[in-house]
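Read the structure below first, then the notes.
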Amino acid sequence: SPLALEPGTFALPIESSDGSGRIAMSVMMVNSGDYADADDSDAADGTQSVAAYAKYASNSRGWDLADSDGYGTPSPEAIAWLRDVQDELGRRNGDGQAVPAIAFQHIPPQEFYDCLREVPAYTPNAVEGARNFAGHCYVLNHDVCRPGSRLGEAIGCADENVGEVEALREAGGYFALFCGHDHKNAFVGHVHDLDLGYAPTCGFECYGPKSRLRGIRLFEFNERNPMAYVTRMLTWGDLIGRYSSNEVRVFFEDHCVTDLIGVRNELRRPQVAATVLGVGAATLGAIGRTLRVMLRNGKTE
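Residue numbers for the sequence shown follow my numbering, beginning at 3 and rising by one.
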């Protein structure tokens with residue numbers, strides 16, 4: 003079918019309510035892949051070289067990507083389909099025009115970083131980029147992001163830019179691309195003539211933000227102008243208004259780190275930094291008191 007390319011990549015046309023059969027808009031689902039192929043430079047016995055392991059350990063999401071070359075991307079066929087399916091929908095409408103469309107997929111493309119602003123490493127609540135963007139720290143660019151947007155972790159995109167955002171723009175009709183994957187992120191930014199946005203995790207069986215920030219993203223469309231859509235988060239805090247049944251687990255899921263970049267990101271959180279400084283000061287104080295007692299006892303002997 004022209005509307006379904008492969009598992010995970012298909013169109014869901016939505017007809018207008020007047021019964022004419024005209025397609026008012028379409029929801030596009032895109033298979034963004036999972037992981038890139040493993041590094042061929044590994045030894046024949048499957049072990050990693052010292053250099054390869056150092057690269058893995060120093061890059062964000064080290065544990066998740068230990069056996070791969072990073073996250074995957076939509077296939078070349080899927081990129082071409084994004085244009086071809088608009089041609090098909092225009093043909094069905096009889097005017098050859100691209101229909102308003104919103105796309106959903108799991109892994110974000112690199113252009114999501116264009117919703118951020120690079121800042122010095124000591125900036126509170128800044129996050130360090132992942133893999134190709136490691137070594138650079140970011141906060142939300144509020145000039146392009148909607149109110150209520152949140153950045154909780156690095157954008158986990160593929161190492162390769164396969165031109166998906168460019169394909170969406172060239173095809174016409176597309177007004178937004180929303181992703182998941184990065185459980186702590188919940189922002190919507192407008193760049194490259196598109197809305198690029200996230201929904202965070204809504205469950206409690208995986209890592210994520212504090213309980214009150216977990217939730218789902220609601221979309222509202224008007225068939226007369228689908229591009230003027232409304233979206234907002236429905237969070238656990240809004241709907242339930244209390245803690246989850248296992249806040250200890252949520253605490254560790256919120257603060258878990260898998261590499262040195264994760265440690266640095268945690269230390270940029272003011273509450274974490276204050277706690278570390280407080281514990282450090284208390285520890286130094288205890289050591290100082292112990293040394294004074296030891297010296298005093300030594301003199302009496």
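Glycine residues also receive a C-beta, built at the ideal position from the N, C-alpha and C atoms.
Report the rounded CA-to-CA distance for residue 162 versus residue 241, giving the unit in angstroms.
39 Å
Please report the distance separating the alpha-carbon of residue 41 from that of residue 261.
Low local confidence applies: a pLDDT of 49 at residue 41 is under 50, so the model's placement there is unreliable, with the coordinate-based value given in what follows. Taking the straight line from one Cα to the other gives about 19 Å.
contact_flag[the segment 19 to 39, the segment 85 to 102] where n(CB pairs < 8 Å) is 3 or more:
yes
Can you say whether residue 185 is buried or exposed, counting buried as having 16 or more other CB atoms within 10 angstroms of its CB?
buried
Return the chain-ordered ranges of every beta strand (DSSP E) run that is complete within the segment 87 to 171 and spans a minimum of 3 residues.
103 to 106, 118 to 121, 139 to 142
Please classify residue 157 as buried or exposed, where buried requires at least 16 neighbouring CB atoms within 10 angstroms.
buried
Residue 270 and residue 139 closer than 9 Å at C-beta
yes
CA-to-CA distance, residue 201 to residue 2, given in whole angstroms:
A query on residue 2 cannot be resolved here, the shown segment of the chain reaching from 3 to 303 and no further.
Taking Cβ to Cβ, would you say residue 147 is nearer than 9 Å to residue 109?
no
Taking the straight line between their C-alpha atoms, what separation do you get for residue 79 and residue 90?
16 Å
Tell me whether residue 11 is buried or exposed, calling it buried when 16 or more other Cβ atoms sit within 10 Å of its Cβ.
buried
Separation of residue 239 from residue 75, as counted between CA atoms:
34 Å
On the criterion of 16 or more Cβ atoms from any shown chain inside 10 Å, does residue 249 qualify as buried, or is it exposed?
exposed
Since residue 257 is in the alpha helix (DSSP H), which residue starts that stretch and which ends it?
249 to 257
Closest by CA to residue 145, which one among 190, 126, 14?
190
Candidates 111, 251, 14, of which the one nearest residue 209 by Cα
251
Skipping 5 residues on each side, what residues in its chain have a beta carbon closer than 8 Å to that of residue 225?
16, 18, 19, 26, 27
Would you identify the three-state DSSP class for residue 28, choosing helix, strand or coil?
strand
For residue 237 and residue 216, what's the separation of their Cα atoms in angstroms?
5 Å
So, are the CB atoms of residue 150 and residue 234 less than 9 Å apart?
yes
Using a 10 Å radius around the Cβ and a threshold of 16 neighbouring Cβ atoms, would you call residue 114 buried or exposed?
buried
Under a three-way DSSP split, which group does residue 76 fall into?
coil
Should residue 293 be labelled buried (16 or more other beta-carbon atoms within 10 Å of its own) or exposed?
exposed
Whole angstroms is fine: what's the gap from residue 128's alpha carbon to residue 205's?
25 Å
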